[in-house]
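Structure first, commentary second.
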Amino acid sequence: MPSYTAPTKDMQFVLHELLKVSQTDIPGYADLEADFTSAVLEEAGKITSEVLAPLNVVGDTEGCVLENGVVRTPTGFQEAFDQVREGGWTGLDMPEDFGGQGLPYVMGTATGEMFSAANQAFTMYQGLTHGAASAILAHGSDEQKATYLPKMVSCEWTGTMNLTEPHCGTDLGLMRTKAVPQDDGSYKISGQKIFISAGEHEMSSNIIHLVLAKIPGGPEGIKGVSLFIVPKFMVNEDGTPGARNGVSCGKIEEKMGIHGNSTCVMNYDEATGYLLGEEHKGMRAMFTMMNEARIGVGMQGLAQAEAAYQNALIYAKDRLQGRDVTGVKNPDGPADPLIVHPDIRRSLMDQKSFIEGARAFMLWGAMMIDRAHRMGDKDADGLISLLTPVIKGFLTDEGYDMTVQAQQVYGGHGYIEEWGMSQFTRDARIAMIYEGANGVQALDLVGRKLAQDGGKHVMAFFDMVKNFIKDNADNEALKANFLDPLKQASKDLQAAGMFFMQNGMKNPNAALSGSYDFMHLFGHVCLGLMWAQMAKAAQEALDAGASDKAFYETKLATGRYYMARRLPATAMHLARINSGADPVMALDAGQF
């Protein structure tokens, strides 16, 4: 059975030596001293490795079962959910006013990676609840907040998001679910939603569904969509669950992965719902949840890559296969371990350098969210808005690829279920699809985010890269291996943006044909920036005589690998973008 160990040491390095969290001016960050964050991360590490990780394969093999309208979750899930709830993990970064612990989002992100890596399907139950609670927190009335948030923060009640219908996913303007106004101010919700994660289960005493629907007579298309709170059980005046609402689970989807999560078809039959936010402004309210979910999904890509890598590394060190071409390394055995072979090293270094760069990127992004929310910093808000499709799209594409590479280390043993490696690949696959498929993320990045606020935020990113290179120009330890590659990659990104500016207006397909490559180009530059900054922090630690010399030397070597072997992909992506739309659009539909 695969194992998982929380990478707390690397998280501490990112938090304190790269981001220097306790020294920043963000409210609440002064409390994030190394001893405190270490205690939180170590406790999260225990519950994820000891309780959740062993249930990962159980959830995968048993799945969820629908019996007479009731969903039974896999063996052990209920008890584990109770433990997570009792530990306060579900409300770690939620407001204290509603029973949360009020820690910054960056801490929720760090612990969230552990939970997702240990058991993605399980963690989705609480993760979706967090997103639904955030939407109510941002857009709900005082009464709605008081009614739902305390129990959702504690996960006594869980939550969902209901967008997709059988005939519409990305194009939500086509939805048919209706919300008919009632005299008492409520609405009757009727329609069917599909792919609803955690849509029905018995681990919580109520489920609060957030449902997109159209009020008859409203504007056409997406402008006529509103968001509603639809509880599984009506809420009594004393706050307890009452009568069953008109919502039911029609079936559980049979899926490629995340079997432990109940992905449901949900039927609404004149269910009572309550408007969340304003009429016909449902997408604005839902995007509070969607943006949080997209960043969380990016984290899932990183998390599955981490879990898969850990197991591939163990196997590569243990499995004897062939001899090192430069000389025998295991003379007492019949063969040398896999890890001596250069191609295995290449695969492991691909994985390690992606994971550590992605972790820094994720936590840096979480810090921007804290800066935006806790300080009202509009520049931070604009920058994280720009980078959200990169975090979601790039990290899940690359994360999935890394799980495949980890599986490949096992050879044939990676393909059979006995070793459990296929689960990481199957579970990671959904992250490229849900919360907006990655092609849509790329279109959002190029079609909307680049030009947002007159291009202010992408220019701010370029300035950030340029200033880091300029400020460290005299640092000979960084120049050749980190600063020069980062500078070239940044030039590639700027050249791609210039191509879109020069060609996109007269031929929109020229920009859209290159959007996927641009998202990956941007992602590589982001990780290149993270690696350059981590290299500086590691070098400073070594210069100061750090006791754990091996850790920092390893960090530098891993960073050099990324800059030399992964970052040059920016040139390939730029060449594809510069080829324009013609190669992509050359065939008529009938020629395929």
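To convert, note that position 154 of the sequence shown is 154 in our numbering; the numbers rise steadily by one, no gaps.
C-beta atoms are modelled at their ideal positions from N, C-alpha and C, and glycine is treated no differently.
Judged by beta-carbon spacing, Ala-307 lies within the 8 Å limit of Ala-117, meaning their Cβ atoms are closer than that value. Here the alpha carbons of Asn-56 and Gly-257 stand approximately 11 Å from one another. For Gln-488, there is no enclosing beta strand (DSSP E); the enclosing alpha helix (DSSP H) has its first and last residue at 484-503. Excluding the 5 residues flanking it on each side, Val-65 has same chain C-beta neighbours closer than 6 Å at Arg-72, in chain order. For the stretch 82-158, there is no continuous beta strand (DSSP E) assignment of 3+ residues that stays within its boundaries. DSSP links Glu-67 through a beta bridge to Val-70. The beta carbon of Arg-323 is closer than 7 Å to those of Ala-335 and Asp-336 in its chain, skipping five residues each way along the sequence. When Ala-132, Gln-192, Asp-370 and Leu-486 are compared, the shortest CA-CA separation from Asn-472 is found for Leu-486.
Distances from the CA of Gly-382 to each of Leu-338, Val-458, Pro-331 and His-201 were compared; the closest alpha carbon is that of Val-458. Contact check for Ala-489 against Val-525 passes: the beta carbons are separated by less than 8 Å.
In the same chain as Met-114, and ignoring 5 residues on each side of it, the C-beta atoms closer than 7 Å to its own belong to Ala-6, Ala-44, Gly-45 and Thr-48, in chain order.
Of the candidates Ala-34, Pro-2 and Met-94, Pro-2 places its Cα closest to the Cα of Glu-50.
Leu-212 and Asn-261 have their alpha carbons spaced roughly 22 Å apart. A direct Cα-to-Cα measurement between Lys-193 and Gly-393 gives close to 24 Å. Secondary-structure assignment with DSSP links Met-161 through a beta bridge to Leu-210.
Taking the Cα positions, Leu-450 is about 28 Å away from Ala-132.
When only Cα atoms are considered, Ala-380 and Gly-242 end up about 43 Å apart. Straight through space, the alpha carbons of Gly-250 and Arg-319 are spaced by roughly 47 Å. The criterion of a C-beta distance shorter than 8 Å is satisfied by Tyr-274 and Gln-144.
As computed with DSSP, Lys-251 is found in a beta bridge with Val-265. Annotated as proximal: Glu-398 and Gly-301, with beta-carbon spacing under 8 Å. Taking all protein chains in view, the Cβ of His-139 is crowded by 16 or more other Cβ atoms within 10 Å, so the residue is classified as buried. Phe-195 is not a Cβ neighbour of Phe-122, given a cutoff of 8 Å. If you ignore the 5 residues before and after Thr-170, its C-beta comes within less than 8 Å of the C-beta of Gly-436, Ala-437 and Val-440, all in its own chain and listed in chain order.
Taking Thr-111 as the centre and dropping the five residues before and after it, the same chain places the C-beta of Val-40, Leu-41, Ala-44, Trp-89 and Leu-92 closer than 8 Å to its C-beta, in chain order. A direct Cα-Cα distance of roughly 38 Å separates Asn-503 from Leu-227. Between the C-alpha atoms of Leu-15 and Leu-363 there is a straight-line separation of about 8 Å. Shown here for Leu-313: same chain residues with a beta carbon closer than 7 Å to its own, the five before and five after excluded, namely Leu-348 in chain order.
Judged by DSSP secondary structure, Lys-9 falls within the alpha helix (DSSP H) whose first and last residues are 8-12.
Counting other Cβ atoms within 10 Å of its Cβ, His-130 reaches 16 or more and is therefore classed as buried.
For Lys-188, the enclosing beta strand (DSSP E) has its first and last residue at 187-197. Residue state for Glu-270 is assigned as strand, using DSSP reduced to three classes. Beyond the five residues adjoining it in sequence on each side, Leu-395 comes within less than 6 Å, by CB distance, of Gly-298, Gly-301, Leu-302 and Ala-358 in the same chain, given in chain order. Judged by their CB atoms, Ala-179 and Lys-232 are not nearer to each other than the 8 Å cut-off. Per the coordinates, the alpha-carbon of Met-124 lies some 42 Å from the alpha-carbon of Lys-470. Across the set Asp-35, Ser-547, Phe-592 and Phe-81, the C-alpha of Phe-81 shows the shortest separation from the C-alpha of Ala-53.
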